[in-house]
Amino acid sequence: MTDSSLLETRSQLPNTGFRFMTPAKLLGSLVGIFVISTIVFSTLYGVEKTRKITTTVERALPFTTTTNDVCLTPYCVKAANYLLESIDETVEPCEDFFHFSCGTWIKNTRIPDDVSAQSNFNLLRTQLDYNVVDLLSSPPANDANEPKAVVNARRFYNSCIDDTEIETNGVNTILLLVNTEFGGWPILQGSSWDNSTFDLPDLLFQLRKYYSNIIYRVDTAVNEENSTVHNIEVGQSNLALGQKQYYASETNVTIAYRQLIRELANALGNDTSMIDQDVNDIFEFEKNIAKYHWTNDEQRARFNETVRTTVGNLSFTFNTTFDFTDYVRRCYLLGNVTLQDTDIVAVSEVEYLNNISLILKQASPRTIQNYIVWRFIMGATSLMSQQIRNIRQRFDRIFHGTNAERPRDVECGSLTNAYMGFAVSKLYIKKYFDENALNESIEMINNIQNTFLEMLNESTWMDAESKVKAIEKAKTMNQHIGYPDYLGSDNNTKLENDYAEYNFNSSYIRNALKILEINVKKSFQLLRKPVDKNGWGDYSAPSVVNAFYEPSKNQISFPAGILQTPFFNKDAPKYLNYGGIGVIIGHEITHGFDDTGRQFDKDGNRIPWWTDETIKKFNERKTCIINQYSNYTVTQINMKGDGNLTQGEDIADNGGLREAFFVSIFEILVCMP
Numbered sequence: 001m002t003d004s005s006l007l008e009t010r011s012q013l014p015n016t017g018f019r020f021m022t023p024a025k026l027l028g029s030l031v032g033i034f035v036i037s038t039i040v041f042s043t044l045y046g047v048e049k050t051r052k053i054t055t056t057v058e059r060a061l062p063f064t065t066t067t068n069d070v071c072l073t074p075y076c077v078k079a080a081n082y083l084l085e086s087i088d089e090t091v092e093p094c095e096d097f098f099h100f101s102c103g104t105w106i107k108n109t110r111i112p113d114d115v116s117a118q119s120n121f122n123l124l125r126t127q128l129d130y131n132v133v134d135l136l137s138s139p140p141a142n143d144a145n146e147p148k149a150v151v152n153a154r155r156f157y158n159s160c161i162d163d164t165e166i167e168t169n170g171v172n173t174i175l176l177l178v179n180t181e182f183g184g185w186p187i188l189q190g191s192s193w194d195n196s197t198f199d200l201p202d203l204l205f206q207l208r209k210y211y212s213n214i215i216y217r218v219d220t221a222v223n224e225e226n227s228t229v230h231n232i233e234v235g236q237s238n239l240a241l242g243q244k245q246y247y248a249s250e251t252n253v254t255i256a257y258r259q260l261i262r263e264l265a266n267a268l269g270n271d272t273s274m275i276d277q278d279v280n281d282i283f284e285f286e287k288n289i290a291k292y293h294w295t296n297d298e299q300r301a302r303f304n305e306t307v308r309t310t311v312g313n314l315s316f317t318f319n320t321t322f323d324f325t326d327y328v329r330r331c332y333l334l335g336n337v338t339l340q341d342t343d344i345v346a347v348s349e350v351e352y353l354n355n356i357s358l359i360l361k362q363a364s365p366r367t368i369q370n371y372i373v374w375r376f377i378m379g380a381t382s383l384m385s386q387q388i389r390n391i392r393q394r395f396d397r398i399f400h401g402t403n404a405e406r407p408r409d410v411e412c413g414s415l416t417n418a419y420m421g422f423a424v425s426k427l428y429i430k431k432y433f434d435e436n437a438l439n440e441s442i443e444m445i446n447n448i449q450n451t452f453l454e455m456l457n458e459s460t461w462m463d464a465e466s467k468v469k470a471i472e473k474a475k476t477m478n479q480h481i482g483y484p485d486y487l488g489s490d491n492n493t494k495l496e497n498d499y500a501e502y503n504f505n506s507s508y509i510r511n512a513l514k515i516l517e518i519n520v521k522k523s524f525q526l527l528r529k530p531v532d533k534n535g536w537g538d539y540s541a542p543s544v545v546n547a548f549y550e551p552s553k554n555q556i557s558f559p560a561g562i563l564q565t566p567f568f569n570k571d572a573p574k575y576l577n578y579g580g581i582g583v584i585i586g587h588e589i590t591h592g593f594d595d596t597g598r599q600f601d602k603d604g605n606r607i608p609w610w611t612d613e614t615i616k617k618f619n620e621r622k623t624c625i626i627n628q629y630s631n632y633t634v635t636q637i638n639m640k641g642d643g644n645l646t647q648g649e650d651i652a653d654n655g656g657l658r659e660a661f662f663v664s665i666f667e668i669l670v671c672m673p
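The sequence shown begins at 1 in the UniProt record's numbering and counts up one residue at a time.
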């Protein structure tokens, strides 16, 4: 869900930088395919070991020869059993390698009621969620020595699992906020709502305090032309349903969405006299906004339409009566930042912003107020009573395919981890992370990076000028592995400073709203801070099952949470680790050169650094991948892929698979007698 959710872990983590967001099911399948293919190829090479095979990695990787013994360790026996229980030997691999590799796993794996899909990624995330619950619910070994940040993470978790407080105060606290700070939600007040006090800029500002970018987005981002500093960013906000396609026609999703608004309004208010009309007006208003909303494809293709201006000239950028200059100044005061007329503003989706101005002129104050406050209410359902959450769950069943809420302790652990990730990670790495994983991970990254460099060097479509710069970018790619050094230290100064304002009590709703206010303040304060090129982003805390490439830093990150079985295990043969985390490492490296990553140079600046001829040849090859993935059909639901939408991930998947596979093959070759 990409609404203005307050504290919903269904949403992705804060969208900072370009991150690895491949659908877990797809990448899980690719990992499975590679693991099986490694075994198949090792068998072939074992039988026909006299056949000469030449690969570029032979010159790139300094491996030493080892013995060719069959691995019979406890881990290998378990891994072999897992693989045998995953493949479907009734399928001819040359005809359908995917179902040969994964068929039995798919047949035997059930999707739990509280998730919409299942994969090795999701299974590992579930395990991490329960690990976090264990860490936060267990008494500390030594209360006196536990950092205050960790103490407050426990307090937040404990307040979250207090159902009684949420049932007693959740709805009243949210409605009090709506009525005192936002001017009320008209749908609950019928004809008694007074529109004479309606003030759009003030309404948007009041909601921005709680991390809600509605209609317009105002935030701090890395300056794409000078990645050592930050600038202000103005553009479109998210739609409640995420993608504009949902609003194009009547579907079960749009029916469920309107029903969600209606049921929540009925549950929260007493005057139902205007509900039907208000629900219809809210939806039609958002439907009109969606018409002008830029899709991911459009944002990617039209990035060069971003207008760079200053705070002083901001209002002259738009054909609108909305005073963006004053609004942006007010927003940054939330972080105690006084803007100067010369501060840089990057304005994206200018066309959208101009068109929205026309929609706002045509809509009534009641409809606009209803819609904006609705977006806050929709995001706040997780803070309210079980009755309200049940209404939301009925919508999620249609939209996400989930049939139940997650267990409360798991949900609360995930929320705590999402918003105080480094405090949680202080506990996580001590109990659940094997330090031996660090050195082997570094070796794997270096081997795959060397393979990628060799592939770059031998590419025939890049000209010499572009190739030299690409190789330099790959060589200077910054690496984050496991966790930042300070978390493994007894010196907690940085951890305490980062969470100095996170002081919580027993009220979950108040604690949750406080976190949102703190995050807004911190995001605006970034404007006056230099970009920490070596820092770990808030989204990449060690207790996360994911991996990342951030183009503005030219940085790859592999948190401790993903350096776990089945992707990595220190006792596993190297070819299994390359089939797991190796593919992911290659995926992230390749992101630096996909359709988005290739626009950023080695220093993270979005400037032209490839020649026109190389770009032309890249686009030809990119088109081939787009067409290939657009021709795939998921037979179970009779839907084709969208190669335009997934091109960045498809390029990264292809590159990562090839890089890890070549390294693994070389491992097999050098192990032969």
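Where a beta carbon is used, it is the ideal one built from N, C-alpha and C, also for glycine.
Subject >> Presumed contact (8 Å Cβ cut-off) between Ser382 and Arg375, rounded CB distance >> reply: Working through the sequence shown from its first residue, we reach residue 382 at position 382. Working through the sequence shown from its first residue, we reach residue 375 at position 375. Rounded, the Cβ-Cβ distance is 14 Å, inconsistent with contact.
**OP:** Could you say which of Cys71, Val663, Phe98 and Gly170 lies nearest to Asn446 if we only look at CA atoms?
**Re:** The residue you call residue 446 lines up with position 446 of the sequence shown. Residue Val663 holds the alpha-carbon nearest to the alpha-carbon of Asn446 among Cys71, Val663, Phe98 and Gly170.
Original post:
Quick one: Cα of Arg408 to Cα of Tyr130, how far?
Top reply: In the sequence shown, the residue the question calls residue 408 occupies position 408. In the sequence shown, the residue the question calls residue 130 occupies position 130. Going from the Cα of Arg408 to the Cα of Tyr130 covers about 11 Å.
Original post:
Mind checking Arg110: buried by the 16 CB within 10 Å criterion, or exposed?
Top reply: Within the sequence shown, the letter at position 110 stands for residue 110. By the neighbour-count criterion, in which 16 or more other beta carbons inside 10 Å mark a residue as buried, Arg110 falls on the exposed side.
Original post:
Measuring CA to CA, which of Lys78, Val115 and Ala153 is closest to Val133?
Top reply: Reading the sequence shown from its first residue, position 133 is the one you call residue 133. Nearest C-alpha to Val133: Ala153.
**OP:** Specify whether the segment 306-326 and the segment 258-276 touch according to this definition: at least 3 beta carbon pairs, one from each stretch, less than 8 Å apart.
**Re:** Contact between the segment 306-326 and the segment 258-276 is not established, with fewer than three Cβ pairs separated by less than 8 Å.
Original post:
Counting Cβ pairs closer than 8 Å, one from the segment 340-351 and one from the segment 173-193, do we hit at least three?
Top reply: Counting C-beta pairs with one atom in each stretch, the segment 340-351 and the segment 173-193 have fewer than three that are closer than 8 Å, which means they do not touch.
Original post:
Curious, which full-length alpha helix (DSSP H) runs of at least 4 residues does the segment 455-520 contain?
Top reply: Fully enclosed alpha helix (DSSP H) runs of no fewer than 4 residues occupy 464-475 and 493-498 of the segment 455-520, in order along the chain.
**OP:** Could you pull the start and end residues of the beta strand (DSSP E) that Arg217 belongs to?
**Re:** Here residue 217 is taken as the residue at index 217 of the sequence shown, counted from 1. Taken as a continuous stretch (DSSP letters only), the beta strand (DSSP E) holding Arg217 covers Tyr216 to Val222.
Original post:
According to the neighbour-count rule (16 or more other Cβ atoms, all chains shown, within 10 Å of its Cβ), is Gln236 buried or exposed?
Top reply: Here residue 236 is taken as the residue at index 236 of the sequence shown, counted from 1. Buried, since its Cβ has 16 or more Cβ neighbours within 10 Å.
Original post:
Roughly how far, in whole angstroms, is the beta-carbon of Asn319 from the beta-carbon of Asn288, given that I think they are within contact range, below 8 Å?
Top reply: Start at 1 with the first residue of the sequence shown, and residue 319 comes out as number 319. Start at 1 with the first residue of the sequence shown, and residue 288 comes out as number 288. Between the beta-carbon of Asn319 and that of Asn288 there is about 17 Å, and that puts the pair past the 8 Å contact cut.
Original post:
For the segment 528-571, which segments carrying the beta strand (DSSP E) assignment without a break, of at least 3 residues, lie completely within its bounds, in sequence order?
Top reply: For the beta strand (DSSP E) assignment, the uninterrupted runs of no fewer than 3 residues enclosed by the segment 528-571 are, from N- to C-terminal side, 548-550 and 555-559.
Original post:
Nearest-angstrom Cα distance between Asn607 and Gln206?
Top reply: Against the sequence shown, residue 607 aligns to sequence position 607. Against the sequence shown, residue 206 aligns to sequence position 206. Before going further, note that residue 607 is Ile rather than Asn in the sequence given. Approximately 37 Å, taken between the alpha carbons.
Original post:
Leaving out the 5 sequence neighbours to the left and right, which residues in its chain are closer than 6 Å to Val35 when beta-carbon positions are compared?
Top reply: By one-based count along the sequence shown, residue 35 stands at place 35. Because the pLDDT at Val35 is just 47, under 50, the model does not fix this residue reliably, and the value given afterwards should be weighed accordingly. Closer than 6 Å at the Cβ level, and outside the excluded window around Val35, lie Gly579.
Original post:
In angstroms, rounded to a whole number, what distance separates the CA positions of Asp113 and Ala404?
Top reply: Within the sequence shown, residue 113 is the residue found at index 113, counting from 1. Within the sequence shown, residue 404 is the residue found at index 404, counting from 1. Taken atom to atom, the span from the alpha-carbon of Asp113 to that of Ala404 is near 5 Å.
Subject >> Option in Val350, Asp653, Ala141 and Asn644 with minimal Cα separation from Asp297 >> reply: The sequence position of residue 297 within the sequence shown is 297, counting from 1. From the listed residues Val350, Asp653, Ala141 and Asn644, the smallest Cα separation to Asp297 is found for Asn644.
**OP:** Give the straight-line distance between the Cα atoms of Val520 and Ser191, rounded to the nearest whole angstrom.
**Re:** On the sequence shown, position 520 is the one that residue 520 refers to. On the sequence shown, position 191 is the one that residue 191 refers to. Looking at the backbone, the Cα of Val520 and that of Ser191 are separated by about 34 Å.
**OP:** Give me the Cβ distance between Ile668 and Ala560, rounded to the nearest whole Å; I'm assuming they're in contact under 8 Å.
**Re:** Locating residue 668 in the sequence shown gives position 668, where the first residue counts as 1. Locating residue 560 in the sequence shown gives position 560, where the first residue counts as 1. The C-beta separation of Ile668 from Ala560 comes to about 29 Å, leaving the pair out of contact by the 8 Å criterion.
Original post:
Using the C-alpha atoms, what's the distance from Ile442 back to Met420?
Top reply: Within the sequence shown, the letter at position 420 stands for residue 420. Within the sequence shown, the letter at position 442 stands for residue 442. One alpha carbon belongs to Met420, the other to Ile442, and they sit about 27 Å apart.
Original post:
Which two residues bound the contiguous alpha helix (DSSP H) that contains Ile429?
Top reply: By 1-based counting over the sequence shown, the position of residue 429 is 429. Gly421 to Tyr432 is the span of the alpha helix (DSSP H), which, as asked, contains Ile429.
Original post:
What span of residues does the beta strand (DSSP E) with His230 cover, start to end?
Top reply: Sequence index remark: in the sequence shown, residue 230 carries index 230 (1-based). From DSSP, the beta strand (DSSP E) with His230 extends over His230 to Gln236.
Subject >> Test item: CB-CB of Tyr508 and Glu224 under 8 Å >> reply: On the sequence shown, residue 508 is found 508 positions in, with the first residue counted as 1. On the sequence shown, residue 224 is found 224 positions in, with the first residue counted as 1. Cβ atoms of Tyr508 and Glu224: not closer than 8 Å.
**OP:** From the DSSP output, in three-state form, read off Ile398 for me.
**Re:** In the sequence shown, residue 398 corresponds to position 398, counting from 1. For Ile398, the secondary structure class from DSSP, reduced to helix, strand or coil, is helix.
Original post:
For Val350, which residues of its own chain have a beta-carbon under 6 Å away from its beta-carbon, when the five flanking residues on both sides are left out?
Top reply: If you number the sequence shown from 1, residue 350 lands on position 350. Val307, listed in sequence order.
Original post:
Using a Cβ-Cβ cut-off of 7 Å (strictly less than) and excluding sequence neighbours within five positions of Glu48, which residues of its own chain qualify?
Top reply: In the sequence shown, the residue the question calls residue 48 occupies position 48. The predicted model places Glu48 with a pLDDT of 34, which falls under 50 and marks its position as unreliable, so this point remains unresolved.
Original post:
If Val545 and Ile518 are in contact, beta carbons under 8 Å, what's the gap, nearest whole angstrom?
Top reply: Residue mapping note: residue 545 aligns to position 545 of the sequence shown, counting from 1. Residue mapping note: residue 518 aligns to position 518 of the sequence shown, counting from 1. Between Ile518 and Val545 the Cβ distance is about 25 Å, and since that is not below 8 Å, they are no contact.
**OP:** Count the other CB atoms, across all protein chains shown, that sit within 10 Å of the CB of Trp461; report buried if there are 16 or more and exposed otherwise.
**Re:** Here residue 461 corresponds to residue number 461 of the sequence shown, with the count starting at 1. By the neighbour-count criterion, in which a residue is buried when 16 or more other Cβ atoms sit within 10 angstroms of its Cβ, Trp461 is exposed.
**OP:** Quick one: residues in its chain with C-beta nearer than 7 Å to the C-beta of Glu440, no 5 flanking neighbours on either side, listed in chain order?
**Re:** In the sequence shown, the residue the question calls residue 440 occupies position 440. Annotation for Glu440: Lys570 place their beta carbon closer than 7 Å to its own, counting only its chain and skipping 5 residues before and after.
**OP:** Since I believe Leu516 is in contact with Phe422 (beta carbons under 8 Å), could you give me their beta-carbon distance rounded to a whole number of angstroms?
**Re:** For this step, residue 422 is matched to residue 422 along the sequence shown. For this step, residue 516 is matched to residue 516 along the sequence shown. The C-beta distance from Phe422 to Leu516 rounds to 18 Å, too long to fall under 8 Å, and the pair is not in contact.
**OP:** Count the other CB atoms, across all protein chains shown, that sit within 10 Å of the CB of Val70; report buried if there are 16 or more and exposed otherwise.
**Re:** In the sequence shown, residue 70 corresponds to position 70, counting from 1. Around the beta carbon of Val70, fewer than 16 other beta carbons lie within 10 angstroms, which makes this residue exposed.
**OP:** Put Ile581 into one of helix, strand or coil per three-state DSSP.
**Re:** Your numbering for residue 581 matches position 581 in the sequence shown. Residue state, collapsed to three classes: helix.
Original post:
Measuring CB to CB, does Arg366 end up less than 8 Å from Pro186?
Top reply: In the sequence shown, the residue the question calls residue 366 occupies position 366. In the sequence shown, the residue the question calls residue 186 occupies position 186. Their beta carbons are under 8 Å apart, which means Arg366 touches Pro186 by this criterion.
Original post:
Between which two residues does the beta strand (DSSP E) harbouring Thr309 extend?
Top reply: The residue you call residue 309 lines up with position 309 of the sequence shown. Element bounds for Thr309: Val307 to Thr310.
Original post:
In chain order, what residues of the same chain lie with their CB nearer than 8 Å to the CB of Asp498, ignoring the 5 residues before and after it?
Top reply: If you number the sequence shown from 1, residue 498 lands on position 498. Around Asp498, the same chain offers Ala149 and Phe422 as residues with beta carbons nearer than 8 Å, after the five sequence neighbours per side are excluded.
**OP:** Check whether the segment 253-272 touches the segment 393-403, taking contact to mean three or more Cβ pairs, one atom from each stretch, closer than 8 Å.
**Re:** At 8 Å Cβ cutoff, the stretches touch.
**OP:** State the Cα-Cα distance for the pair Arg658 and Ile665, rounded to the nearest angstrom.
**Re:** To locate residue 658, count along the sequence shown from 1; it is residue 658. To locate residue 665, count along the sequence shown from 1; it is residue 665. So the two alpha carbons sit approximately 10 Å from each other.
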